[in-house]
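Novice: Can you keep this structure in mind? I'll have questions shortly.
2 protein chains.
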Amino acid sequence: MNNEESKGGVGPRGAEFRGVEARPRNWLVPVILLSLREWNSYGYELMERAAAFGFEAMNPGTLYRTLRQMEKEGIVESTWETSKGGPARRMYSITDAGRAYLDFWAKSLEQYQKTMENFFRLYTGRPPLADEERKERKGE
Amino acid sequence: MNNEESKGGVGPRGAEFRGVEARPRNWLVPVILLSLREWNSYGYELMERAAAFGFEAMNPGTLYRTLRQMEKEGIVESTWETSKGGPARRMYSITDAGRAYLDFWAKSLEQYQKTMENFFRLYTGRPPLADEERKERKGE
DNA sequence: GGCATGTATATGTAAAACGCACATAGAGTA
DNA sequence: TACTCTATGTGCGTTTTACATATACATGCC
């Protein structure tokens with residue numbers, strides 16, 4: 000949130016709230032692994048596929064750095080491909096360790112989905128207390 | 000993932016995968032705001048409530064620092080409370096800006112929930128390609 | 001009194017993740 | 001030649017977060 004906007008009292012209503020990014024850390028990793036489980040691919044193509052999972056405005060640097068890191072961890076492997084027309088590509092494929100890692104992510108995400116449902120049950124289900132009730136509770 | 004474990008080929012199967020944290024960045028913020036929307040509270044109590052939303056092993060430092068940051072941003076406000084027995088508490092309440100912020104978070108989370116459903120549709124719904132098919136696809 | 005325990009808040013530091021800007025280069029085409 | 005599209009990468013600073021540590025009040029117990 001920007002300071003100049005919150006001063007008014009009501010707060011900002013525009014679309015620009017700072018730090019609201021409703022996806023987990025390293026979300027790119029499971030997305031890449033899921034893509035690679037379907038078919039082998041390379042950075043530039045994976046970037047387009049990632050757009051469908053919340054990475055509409057993806058920075059190339061982030062993707063390529065992530066891929067290198069993943070390879071270092073052994074969850075993907077790559078071969079340098081120079082045969083096709085255009086610039087050379089680094090073709091990636093998922094490893095067995097990568098599949099295990101993806102499974103682990105899936106379990107973790109499933110758990111988190113339940114937590115989010117909890118959140119929404121409280122958020123939508125129970126309306127916030129009226130001013131009077133809140134004031135009493137405050138004195139409590 | 001640890002290197003020594005991924006060398007075998009199959010990869011680790013234990014519970015210790017590095018960097019898998021399936022909750023969104025700043026998840027603590029909407030959790031606190033939701034709690035404060037119900038009733039005013041203070042750090043120590045908020046910590047216990049956050050446990051129900053994926054913060055079972057919460058570090059106090061993280062929470063208190065987050066609360067201060069949130070106050071600086073104007074989405075919560077606090078008063079120093081010395082009346083009760085025990086150490087003094089900093090009582091927090093949500094502001095109007097905070098409610099707007101929470102609403103924004105909720106929309107963002109809803110969006111992300113759909114993305115996760117997409118993920119699971121691909122993950123569970125469509126089984127991974129068999130080895131033969133993958134090999135063909137690899138050669139393209 | 002002295003001491004342990006539970007409650008309550010806070011800082012210091014360092015690593016990891018991430019966004020943004022920028023760099024490099026092959027291939028086709030006008 | 002110059003321009004564009006494809007393709008891969010590095011440098012750098014900010015933010016987020018985990019972990020360790022510090023402080024202090026209140027209560028009960030010996």
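Chains as they are written, first to last, in numbering that gives the first Met the number 0: chain A, 0 to 139; chain B, 0 to 139.
Note that CB positions come from ideal geometry on N, CA and C, so glycine has one too.
If you're wondering where the values come from, they're calculated on a predicted model, not measured in any experiment.
1) Got a sec: is the Cβ-Cβ distance from Gly53(A) to anything in chain B below 8 Å?
2) What is the rounded straight-line gap between the Cα of Gln112(B) and the Cα of Pro23(B)?
3) With a cut-off of 8 Å, does the C-beta of Trp104(B) fall near any C-beta of chain A?
4) Please report how far the alpha carbon of Ser77(A) lies from the alpha carbon of Met57(A), in whole angstroms.
5) Taking Val28(B) as part of the alpha helix (DSSP H), name the residues at either end of that continuous run.
6) Roughly how many whole angstroms lie between the Cα atoms of Ala87(A) and Leu45(A)?
7) For Glu55(B), name the three-state secondary structure that DSSP assigns.
8) Does the region 96 to 109 of chain A come close enough to the region 25 to 37 of chain A to have 3 or more Cβ pairs within less than 8 Å?
9) Got a sec: is the Cβ-Cβ distance from Asn117(B) to anything in chain A below 8 Å?
10) Rounded to the nearest angstrom, what separates Asn25(A) and Glu70(B) at their Cα positions?
11) Helix, strand or coil: which one does DSSP assign to Thr78(B)?
12) Write down the C-beta distance between Thr114(B) and Gly53(A) rounded to the nearest angstrom, noting that I regard them as a contact closer than 8 Å.
13) In this structure, does DSSP put Arg22(B) in helix, strand or coil?
14) Using a Cβ-Cβ cut-off of 8 Å, state whether Ser107(A) counts as contacting chain B.
15) Rounded to a whole number of angstroms, what is the C-alpha to C-alpha distance between Thr94(B) and Tyr122(A)?
16) Entirely within the region 88 to 128 of chain A and at least 3 residues each: give me those beta strand (DSSP E) ranges in chain order.
Specialist: This is what the structure gives:
1) yes
2) 11 Å
3) yes
4) 21 Å
5) Leu27 to Glu37
6) 15 Å
7) coil
8) yes
9) yes
10) 28 Å
11) strand
12) 5 Å
13) coil
14) yes
15) 16 Å
16) 88 to 93
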